[in-house]
Amino acid sequence: MASPILNDLFSIPVTPPTDGSPPEGTVETPVVIEDVAAIAFEDLAGFLLPSLYKPTPGREESRCLNLLTLGRKWEIESAVLFAQKTLEGMDLPCVRRLQLARMYSLKVWVPDALRTLLASPLNELGLIQYQELGIGAVMIIVKAKEKLSQYRLKVAHVMPKLNEDPEWSCKTHAKCVVAWKAAWWEHVARHIFHPTSPIAIADIPPFVRNLVVPDLSWNCQYDVMENWVSKEDDIVNAAITALIQYNNSL
Ligand SMILES: [Zn+2]
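Residue numbering for the sequence shown follows numbering that gives the first Met the number 0, starting at 0 and increasing by one per position.
Put into structure tokens, the structure is as follows:
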């Protein structure tokens, strides 16, 4: 049998008790397994004995969660792997994934689901979704969103300076400075502030290099983004770490 624990359970010899009562494991006196719902056991039986399995539309997620729970409880690795792989392939909303990640210790689900959520407007979530996330996760998500927002405002507000090295070789640098300032506010900052499809901070260098800015020399246009570093990933990764640690603490 796939599970050593189930193997032990069903290997107990059926011998009549000496007090005259009927033995366990018969139709009249079935073996009772505590804390396991009948439907969960049926799901596991259907997995271990595919001839018993009857697919029920709309039950695939709960079936997999039952397989995950009992597979872990009774050390049936094939059921655990099957459940994880099937759940992974299902089209679940990121909020549901974060909820399941917390409830079933699926920490590998946290990074992608949280990245997706942090890139989405939180005002589109309803009360049910916030309840699914849980207050601890909501706090981490709201803080990360606020940090991202503040960081983006700061980036837009503080225009990167053109090269100020006296040795910098640009014969039309005074024109470059004026042109760059206008280009930043007209093109880059506007994209950072865009309400529905804002530019990622990490995407600003290629965006700037592809801008057509008369009076800005190519050397200056390229050089101004040379040492550009985005901190957006740092903020998102810190939130991922915080959420995994929070889930582990529950
Ligand atoms: Zn220049």
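Using N, Cα and C, we set each Cβ at its ideal position, and we do this for glycine too.
Values in this document were obtained by computation on a predicted structure and should not be read as measured data.
Start-to-end residues for the alpha helix (DSSP H) that takes in residue i
i, result
"Y52", "That residue, Y52, is in no alpha helix (DSSP H); it is neither H nor E in DSSP."
"W179", "172-182"
"T195", "First-last for T195: undefined, no H or E at that position."
"D18", "Where D18 is concerned, there is no enclosing alpha helix (DSSP H), given that its DSSP letter is neither H nor E."
"N65", "59-72"
"P239", "Before going further, note that residue 239 is Ile rather than Pro in the sequence given. Note, I239: alpha helix (DSSP H), 231-248."
"P204", "203-208"
"T28", "Where T28 is concerned, there is no enclosing alpha helix (DSSP H), given that its DSSP letter is neither H nor E."
"K84", "76-88"
Between the CA atoms of residue j and residue i - distance to the nearest angstrom
i, j, result
"P194", "E74", "49 Å"
"K174", "R101", "56 Å"
"F206", "H156", "17 Å"
"V94", "T55", "24 Å"
"G70", "I32", "15 Å"
"W227", "A44", "57 Å"
"R254", "Y245", "Because residue 254 is not part of the residues shown, which for the chain are 0 to 249, the question remains open."
"A82", "F192", "42 Å"
"N236", "P110", "8 Å"
"R208", "W184", "15 Å"
"L147", "P159", "19 Å"
"A36", "Q130", "25 Å"
"H172", "K153", "26 Å"
Contact under 8 Å by Cβ, residue i with residue j
i, j, result
"V137", "A178", "no"
"I139", "A238", "yes"
"A182", "L215", "yes"
"L161", "V176", "yes"
"M224", "P197", "no"
"E231", "I200", "yes"
"Y103", "I234", "no"
"L97", "A112", "yes"
"A78", "F40", "no"
"K144", "I243", "no"
Helix, strand or coil at residue i according to DSSP, with G and I counted as helix
i, result
"M138", "helix"
"G133", "coil"
"C169", "coil"
"N226", "coil"
"Y221", "helix"
"G125", "coil"
"V154", "helix"
"D214", "coil"
"I38", "helix"
"M102", "helix"
"E185", "helix"
"A118", "coil"
"E145", "helix"
"L97", "helix"
Q) Taking contact to mean at least 3 C-beta pairs separated by less than 8 Å, is the region 167-178 in contact with the region 115-134? A) Here the region 167-178 makes no contact with the region 115-134; the two share fewer than three CB pairs at distances below 8 Å.
Q: Tell me, please, whether the region 57-67 touches the region 78-97 by the rule of three or more beta-carbon pairs shorter than 8 Å.
A: Three or more pairs of CB atoms, one per stretch, sit closer than 8 Å, so the region 57-67 contacts the region 78-97.
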